[in-house]
Structures are given as C-alpha cells and as structure tokens.
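Undergrad: Residue numbers (full-length UniProt numbering): 1 to 332. Could you have a look at this structure, given as structure tokens, before my questions?
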C-alpha cells in the first residue's frame with residue numbers, strides 16, 4: 001500500500017461516502033473505500049486500476065462528471081498542475097471538503113498553503129513521511145478552463161517557426177529543454193516509414209518530425225494525460241495530423257517502426273525513475289523493422305550505451321553538448 005494511502009486509511013471514517021480520489025496510486029485504496037471513484041492522468045496506473053476496479057476510475061484531464069461529496073488530491077510534482085487540480089475539485093464542492101495528501105519531500109507543507117484560497121486549511125495527520133490536510137470549501141472558485149492555462153511559445157526552426165502549446169504539469173512546461181533542443185538539431189537522414197516520438201510531452205519532437213517528413217506516418221506516445229492533450233494542441237496549432245497514444249512505456253507502441261526518437265524522462269514525481277527508458281532500450285528491437293533506428297538524447301552521466309548495444313546493436317554518439325549526448329543505434 002502506498003504510504004499516502006496508509007495515511008488516509010488512518011482516518012478512514014472521514015472517507016466513507018461518495019468520494020473522488022484524484023491522482024490516486026495503483027494500490028488497494030479503492031478496495032478499502034467502496035464508495036469512492038478514481039480520477040487518474042497516468043496511463044499505467046489507470047490500466048492497473050481498471051483491471052482491478054472496472055468502471056471506478058477515469059483517465060482524463062478534468063474531473064469525472066459523477067457526483068462526489070468530497071475529494072482527495074494526491075499531490076503532483078508541479079505547483080501549476082496542483083493549482084489547476086485544486087480549483088477543478090473545489091469548483092465541484094461548494095460547502096464540501098477537499099483533502100490534500102502528499103509526501104513531505106514532495107512539498108506538501110508548501111502546497112497546503114494553496115488550500116487557503118478556499119477556506120481555512122488544517123493538518124489532520126502526519127505519518128509515513130506524509131501529511132494529510134483538509135479544507136472546507138467556503139469560497140467556491142469558477143471551474144478553470146484548462147486550455148486558458150496553456151503556455152504558448154514558438155521555436156525558430158530551419159523550416160519555419162513551430163508553435164508549441166504546453167499545459168500545466170507537462171515536462172519543461174512553457175519552454176524547450178536543453179536535451180530536446182539538441183535532438184532537434186540531429187533529425188536528418190531518418191529512414192522512411194513509421195516514426196515514433198516516445199515520451200512526447202508537449203509534442204515538440206513529434207510535430208517537428210511530421211512537418212519534416214510529411215510522407216511518413218508519425219505517432220506520439222506518452223503516459224501522461226496532460227502531455228497527450230498538449231501534443232494534440234501542438235499538432236493542431238501547426239496544422240498537422242498524427243496519431244497520439246496514451247500508454248505506459250514502449251509496450252504501448254506500434255510495431256514495425258522505422259525509427260524511435262526520444263528524450264526519455266528519468267523522473268516520476270519526486271523520485272528518480274529509469275525503468276521506462278531501460279524498458280525502451282531492452283524492447284526497442286521488437287518494435288523496429290529490420291534496419292530500423294533508435295535515436296535518443298540523454299544526460300551524459302546515464303550509462304545507456306552498454307544497454308543499447310546489448311539489446312539493439314552498435315551505439316554511436318552523434319553529438320554531445322551541455323551535459324547531453326545523442327545516441328544512435330540500428331537494429332541488427
């Protein structure tokens with residue numbers, strides 16, 4: 001059981017009615033709270049919850065339409081995303097109770113101050129290196145429009161400016177990160193066919209690929225619902241069409257790809273998390289056609305070349321700058 005769920009269950013009497021659990025972990029909490037519903041924006045956790053608790057959890061960027069008398073938000077990493085989620089929930093709970101739970105090292109005490117916009121917050125519990133806070137909604141906010149919170153910027157690329165639409169919670173929100181900037185400079189001579197942007201974020205790489213290789217099929221894949229929504233907005237802003245897939249890791253990707261391109265994440269919440277990238281390197285060959293290519297950018301300190309060579313083929317360093325390297329390998 002996730003420690004945040006354990007803290008909730010220490011106060012189980014507070015959570016017996018119709019309740020919405022927002023950003024819940026994929027544990028047995030829904031089993032312990034039979035009247036609760038879930039709202040997830042993580043495709044992997046949603047899949048696990050859907051298997052165990054069919055029909056009781058929704059994957060989306062906005063709260064489900066079902067009625068709930070109280071809500072619990074599991075603190076996400078992004079302060080801006082926290083603000084959107086809290087306002088979305090509070091708007092549905094006039095006079096109701098909103099709870100916030102999270103790890104101390106994730107900044108729960110700082111985030112709890114955001115509850116004061118709705119009423120007087122109070123700390124209910126502190127255990128398992130987590131805290132549980134509660135506020136009764138005395139000042140009901142208007143329901144926020146997610147797209148109005150997007151950050152828009154343009155990238156001056158060689159074939160013209162690319163419009164990017166970034167939603168709260170998406171990696172490198174509102175700006176181009178250093179790794180992606182380096183990878184964008186090395187997208188030449190890709191084999192024709194089906195291209196995949198793995199871990200697409202706001203869709204910068206996928207949109208660039210579709211514009212540069214218009215005759216190629218392009219797919220974008222991410223685990224996060226807000227990234228999926230951002231990628232769709234970025235594609236639309238540039239008049240482009242591509243497949244956008246919500247899925248947890250390379251297992252969700254199509255087969256027979258000509259290229260996989262990625263600036264893979266190695267953080268999940270406040271935790272360092274390499275599993276998605278390591279699974280990508282181990283299984284890329286199964287998703288690539290013969291002579292298909294993997295091209296990714298990563299921090300220089302990450303020891304990926306041995307894993308690439310073990311599972312795919314000889315690894316070439318295409319470029320190195322600002323603490324990042326671009327690796328290229330072709331399926332044997």
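Think of the CB as a built atom: it goes at the ideal place given N, C-alpha and C, for glycine as much as any other residue.
For a test of the three-state rule: what should DSSP assign to residue 208, helix, strand or coil?
TA: Here residue 208 refers to the residue found at position 208 of the chain shown. Note: residue 208 maps to helix in three-state DSSP.
Undergrad: Just how far apart, CA to CA, sit residue 296 and residue 186?
TA: For the purposes of this step, residue 296 is taken as residue 296 along the chain shown, with counting starting at 1. For the purposes of this step, residue 186 is taken as residue 186 along the chain shown, with counting starting at 1. Each residue's alpha carbon lies about 10 Å from the other.
Undergrad: Starting from residue 287, trace the alpha helix (DSSP H) in both directions and tell me its first and last residue.
TA: Along the chain shown, read from residue 1 onward, the residue named residue 287 stands at position 287. 275-287 is the span of the alpha helix (DSSP H), which, as asked, contains residue 287.
Undergrad: Quick one: any contact between the segment 76-85 and the segment 155-173, if contact means 3 or more CB pairs under 8 Å?
TA: The segment 76-85 vs the segment 155-173: in contact.
Undergrad: Does the contact criterion of 3 or more C-beta pairs under 8 Å hold for the segment 207-222 versus the segment 230-240?
TA: Yes, since at least three Cβ pairs between the segment 207-222 and the segment 230-240 fall closer than 8 Å, the two stretches touch.
Undergrad: Does DSSP put residue 122 in a helix, in a strand, or in coil?
TA: Residue 122 sits at position 122 when you count from the first residue of the chain shown. Three-state DSSP puts residue 122 in a strand.
Undergrad: When the distance is taken between beta carbons, is residue 200 closer than 8 Å to residue 206?
TA: On the chain shown, residue 206 is found 206 positions in, with the first residue counted as 1. On the chain shown, residue 200 is found 200 positions in, with the first residue counted as 1. For residue 206 and residue 200, yes; Cβs fall inside 8 Å.
Undergrad: Go ahead and label residue 301 buried or exposed: buried means 16 or more other beta carbons lie within 10 angstroms of its beta carbon, across all protein chains shown.
TA: As a working mapping, residue 301 is identified with position 301 in the chain shown. The residue in question, residue 301, is exposed, as its Cβ has fewer than 16 Cβ neighbours within 10 Å.
Undergrad: Does the distance from the C-beta atom of residue 4 to that of residue 101 stay below 8 Å?
TA: For the purposes of this step, residue 4 is identified with residue 4 of the chain shown, where counting begins at 1. For the purposes of this step, residue 101 is identified with residue 101 of the chain shown, where counting begins at 1. Contact: yes.
Undergrad: Please classify residue 34: is it buried, with 16 or more other beta-carbons within 10 angstroms of its beta-carbon, or exposed?
TA: Locating residue 34 in the chain shown gives position 34, where the first residue counts as 1. The residue is exposed, with fewer than 16 neighbouring Cβ atoms inside 10 Å.
Undergrad: Terminal residues of the continuous beta strand (DSSP E) containing residue 175?
TA: On the chain shown, position 175 is the one that residue 175 refers to. It is not in any beta strand (DSSP E) - residue 175 carries neither H nor E in the DSSP assignment.
Undergrad: Quick check: the Cα distance between residue 322 and residue 263, rounded to an integer number of angstroms?
TA: Position 322 of the chain shown, counting from 1, holds the residue named residue 322. Position 263 of the chain shown, counting from 1, holds the residue named residue 263. Residue 322 and residue 263: Cα-Cα distance of roughly 15 Å.
Undergrad: Counting only the same chain and skipping the five closest in sequence on each side, list residues whose C-beta sits under 8 Å from that of residue 67.
TA: By one-based count along the chain shown, residue 67 stands at place 67. Only 18 meet the Cβ criterion.
Undergrad: By DSSP's criteria, residue 130 is part of a beta bridge. Which residues make up the other side?
TA: To locate residue 130, count along the chain shown from 1; it is residue 130. DSSP, once it has assigned bridges, lists 103, 127 as partnering residue 130.
Undergrad: Please report the straight-line C-alpha distance between residue 156 and residue 39, rounded to a whole angstrom.
TA: Locating residue 156 in the chain shown gives position 156, where the first residue counts as 1. Locating residue 39 in the chain shown gives position 39, where the first residue counts as 1. The alpha-carbon atoms of residue 156 and residue 39 are separated by roughly 37 Å.
Undergrad: Taking the alpha-carbon positions, what's the residue 329 to residue 211 distance?
TA: Here residue 329 refers to the residue found at position 329 when the chain shown is read from its first residue. Here residue 211 refers to the residue found at position 211 when the chain shown is read from its first residue. Answer to the nearest angstrom: the Cα atoms are 23 Å apart.
Undergrad: In the DSSP assignment, the alpha helix (DSSP H) including residue 316 goes from what residue to what residue?
TA: Locating residue 316 in the chain shown gives position 316, where the first residue counts as 1. Note, residue 316: premise wrong, no alpha helix (DSSP H); beta strand (DSSP E) at 315-321.
Undergrad: For residue 246, which three-state DSSP category applies?
TA: Within the chain shown, numbered from 1, the residue matching residue 246 stands at position 246. Here residue 246 sits in strand by DSSP.
Undergrad: Exposed or buried, what is residue 23 when buried is set at 16 or more other beta-carbons lying within 10 Å of its beta-carbon?
TA: Taking the first residue of the chain shown as position 1, residue 23 is located at position 23. So residue 23 ends up on the buried side.
Undergrad: Go ahead and label residue 215 buried or exposed: buried means 16 or more other beta carbons lie within 10 angstroms of its beta carbon, across all protein chains shown.
TA: Position 215 of the chain shown, counted from the start, is the residue given in the question as residue 215. Its Cβ having fewer than 16 others within 10 Å, residue 215 is exposed.
Undergrad: Considering only DSSP beta bridges, list what residue 74 is partnered with.
TA: In the chain shown, the residue the question calls residue 74 occupies position 74. Partner(s): 101.
Undergrad: Give the range of the beta strand (DSSP E) segment to which residue 326 is assigned.
TA: Position 326 of the chain shown, counted from the first residue, corresponds to residue 326. It spans 324-330 - the beta strand (DSSP E) in which residue 326 sits, taken as one unbroken run.
Undergrad: So, at 8 Å on beta carbons, what are the nonlocal neighbours of residue 179 in its own chain, with the 5 sequence-adjacent residues on each side left out?
TA: Counted from its first residue, the chain shown places residue 179 at position 179. The residues are 263, 297, 298, 299, 324.
Undergrad: How about residue 96 and residue 69: do their beta carbons lie closer than 8 Å?
TA: As a working mapping, residue 96 is identified with position 96 in the chain shown. As a working mapping, residue 69 is identified with position 69 in the chain shown. Taking 8 Å as the Cβ cut-off, residue 96 and residue 69 qualify as a contacting pair.
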